[in-house]
Amino acid sequence: MKLLEVRDLHAGYGRVTILFGISLAVMPREIVCLIGPNGAGKSTVLRAIVGQLPATRGEILFEEMATAGMDPQEKGTRGLIFIPQGQNIFPSLTVTENLEMAGYLLPDRETLKSRREEVFAVFPWIAQRRHRPARELSGGQRQMLALARVLLMQPKLVLLDEPSLGLAPLMVEEIFERILQMNRQGTSFLLVEQNARKGLAVSHRAYVLEQGRNRLQGTGRELLTNPQVQKLYLGG
Amino acid sequence: MYYLQLVINGIIAGSMYALFAVGLTMVYGVFRFINFAHGELIALGAYSALFFTSPPLSLPLIWATAPAVACTVCVGLLQDRLVFQPLCHGTRMTLLIASIGLSYLLRNAIQFGFGSDLLSYNVDLAAGYEWGPIIVTRMQLSMLITAVVFLTFLYWLFTRTMLGKALRAVADNMELAGIMGIPLGRVNRTVWILAATFAAVGGILLAMDTSLEPMMGVINLLKAFAAVLLGGPGNVWGALIGGIAIGVAENLSVAVLSPGYKDFIAFAVILVMLLFRPGGIFSFQKGMR
């Protein structure tokens, strides 16, 4: 069974169409990466799946159920979450409060508490800074805090937009290490990544998008060695 | 001692401004516009209490407070539902102008219902407590206690409850809050309920201390606006401190100026803040705390 299936998706902002028929699928336990040049519509695909943009045509199925008409609450409780790029934490809330907000969709306080302890165990620095405002965190720490939502919610699929954006190389390594770890525990990822080499290296499969259309697809390794992809997106 | 008395008077007057300013800044923090009709919520609270204490109902003032606050909350929620929600996709300017229009509408409705004369509740809380040369009336004491109770409640709500934390999260980033499944509708209603409640309670207390007139909302809105600017728009605790600062400054000015000019302080603060520190004196911090 496909976890997520997107068929012939058309979407855009107002009268400007960005996606002209994107199709893709994510299987359970898979990391799938979307790569492509700026303006290819990678982030737009995620936004359309999560429902921030209405799809003008096409179908989005999560666990074989149409997501049209589901609000973020319902998607979240069904196991589909979205971590946007950049501003993806609440800077004026404390670190713990940020985690609590992420747990708005959990069934009860007890689950939130025990999952929070798990987060503290995995990220000891979060426990240390739990009462500090999140605005004091560095860019990498913010991204980690956003990723900690995955441990809290234990979703089936995470839509993750540009996790490495603006981070130092060491931090990027750590972020992807965490993603792989979470994936081994059963969470699937649909990842948009500017850093195509890194994205392909961690992904099981990937799609190359161009101008709002599917261009190529294959396993991460195939695309890494594909001469066309190398020339266009991996700098030769 | 004279100055100490002025400072005490100022803190008490300022605690009322703080009640108004906190609501005004909360609405700004979440919806990103200054609601000029907030002043009319103040007046509406006072006038609905007058309605419940007058014939045919003739409730004692203490019992009239609850239904008066409830009425004001209803108007606050209706403002949102009928005017601001339908306009929320417009620009900030649209909302601002709409709120000015709404302010006139509500003020004239009050004037239509109650006339434009000075009215009062006929309660006497002028009796006071003396500590040497310092005098605090029972009225002043009730104002101070009420303000402390309500602001403490707000602090508790913001720091100890999911709803309060969600409210701060929405003020930080509404889009992200929506993505994360925070119930935006419930949070938005909470903001209006809090703002209207604080306005109504403050309005009733002010009317007990002085009198009721349809313009009472306008002048207090300006004081609250000055307090909001002082604290930095959207900063709840900044607005609280700003309100008290304005109350103290106004009352201290009485030592050198004729009391008739004390409103000038708030206007001066508005001008100076807009010119030099539009982000407030605490502008190094962003968001709602």
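Chains as they are written, first to last, in the numbering used here: chain S, 41 to 276; chain U, 9 to 297. Just so it is clear, CB atoms sit at the ideal spot from N, CA and C, and this is done for glycine as well.
Compute the beta-carbon to beta-carbon distance between residue i and residue j, rounded to the nearest angstrom, for a pair I have assumed lies under 8 Å.
i	j	result
S:Val135	S:Arg172	6 Å
U:Ala26	U:Ala247	7 Å
U:Gly53	U:Ile227	Not a contact, Cβ separation roughly 15 Å.
S:Gly52	S:Leu249	Wrong, their Cβ atoms sit about 14 Å apart, outside the cutoff.
S:Gly76	S:Arg245	Contact doesn't hold; Cβ gap of about 15 Å is too wide.
S:Leu145	S:Thr107	Not confirmed; about 15 Å, so no contact.
S:Glu103	S:Leu49	No, S:Glu103 and S:Leu49 are not in contact; Cβ-Cβ is about 17 Å, not under 8 Å.
U:Gly250	U:Ala29	6 Å
U:Ala235	U:His46	Wrong, their Cβ atoms sit about 12 Å apart, outside the cutoff.
Closest to residue i by C-alpha separation, out of the options, would be which residue?
i	options	result
U:Ser150	U:Arg40, U:Pro68, U:Leu214 and U:Val262	U:Leu214
U:Ala106	U:Phe44, U:Met170, U:Ala232 and U:Leu69	U:Phe44
S:Ile129	S:Ala241, S:Glu217, S:Leu177 and S:Leu240	S:Leu177
S:Ala236	S:Leu274, S:Thr107 and S:Gly226	S:Leu274
U:Ala321	U:Leu175, U:Thr205, U:Asn228 and U:Ala257	Limits of chain U in this structure are 9 at one end and 297 at the other, which puts residue 321 of chain U out of reach.
S:Arg25	S:Val162, S:Val232 and S:Gly143	Here chain S covers residues 41 to 276 and nothing more, so residue 25 of chain S does not appear.
U:Gly31	U:Ile143, U:Ile201 and U:Thr160	U:Ile201
U:Asp271	U:Gly18, U:Gln13 and U:Met9	U:Gly18
U:Val199	U:Ala263, U:Glu48, U:Gly242 and U:Leu127	U:Gly242
S:Met364	U:Leu58, U:Arg100 and U:Arg176	Within the shown structure, residues of chain S are numbered from 41 to 276, placing residue 364 of chain S beyond reach of any answer.
U:Leu133	U:Leu283, U:Leu69, U:Pro191 and U:Tyr112	U:Leu69
S:Val232	S:Ser63, S:Val46 and S:Thr84	S:Thr84
U:Val144	U:Ala274, U:Val15, U:Ala74 and U:Met281	U:Val15
S:Thr96	S:Ile58, S:Gly126, S:Ile121 and S:Met105	S:Ile58
S:Leu207	S:Leu191, S:Lys238 and S:Gln257	S:Lys238
U:Thr99	U:Val244, U:Gly240 and U:Phe41	U:Phe41
U:Tyr55	U:Pro141, U:Gly225, U:Thr169 and U:Met170	U:Gly225
S:Gln125	S:Leu191, S:Thr227, S:Leu205 and S:Val242	S:Leu205
S:Thr227	S:Ile71, S:Ile123 and S:Thr265	S:Ile71
Per the DSSP calculation, residue i is bridged to which residue(s)?
i	result
S:Phe102	S:Leu44 and S:Met105
S:Arg4	No answer is possible for residue 4 of chain S: the residues shown for chain S start at 41 and end at 276.
S:Ala229	Note that residue 229 of chain S is Phe in the sequence shown, not Ala. Partner(s): S:Ile71 and S:Val198.
U:Gly109	Answer is none; U:Gly109 lacks a bridge partner.
S:Asn254	S:Leu249
S:Ala95	S:Ala51
S:Thr57	S:Gly52
S:Thr136	DSSP output for S:Thr136 lists no bridge partner at all.
U:Glu138	U:Ile143
S:Phe122	S:Leu199
S:Arg173	Inspection of the sequence shows that residue 173 of chain S is occupied by Pro rather than by Arg. S:Thr134.
S:Ala65	S:Glu45
Quick check on the burial criterion: 16 or more other C-beta atoms within 10 angstroms. Buried or exposed for residue i?
i	result
S:Gly61	exposed
U:Trp5	Only positions 9 to 297 of chain U appear in this structure, which leaves residue 5 of chain U out of reach.
U:Asn130	exposed
U:Tyr11	exposed
U:Val277	buried
S:Arg156	buried
S:Leu185	buried
U:Phe292	The pLDDT assigned to U:Phe292 is 49, lower than 50, so where the model puts this residue is not dependable; a value taken from the coordinates is nonetheless given after this. Exposed, since its Cβ has fewer than 16 Cβ neighbours within 10 Å.
S:Glu158	exposed
U:Tyr36	buried
U:Leu126	exposed
U:Glu183	exposed
S:Asp148	exposed
S:Arg87	buried
S:Gln251	exposed
U:Val157	exposed
U:Arg297	In this prediction, U:Arg297 has a pLDDT of 48, which is less than 50 and means its spatial position is unreliable; what the coordinates show is noted afterwards. When all chains shown are included, U:Arg297 counts as buried.
U:Thr33	buried
U:Gln87	buried
Q) Counting Cβ pairs closer than 8 Å, one from the segment 216-224 of chain U and one from the segment 265-277 of chain U, do we hit at least three? A) Output reads no: the segment 265-277 of chain U does not touch the segment 216-224 of chain U.
**Q.** At least three beta-carbon pairs within less than 8 Å, the segment 120-139 of chain U to the segment 257-266 of chain S
**A.** At 8 Å Cβ cutoff, the stretches do not touch.
Q) So does the segment 196-205 of chain S actually touch the segment 156-174 of chain S, counting three or more Cβ pairs closer than 8 Å? A) Segments in contact, no.
Q: Say whether the segment 105-119 of chain S touches the segment 161-172 of chain U, bearing in mind that this needs 3 or more beta-carbon pairs closer than 8 Å, one atom from each stretch.
A: Taking 8 Å as the limit for Cβ pairs, the verdict is that the segment 161-172 of chain U does not touch the segment 105-119 of chain S.
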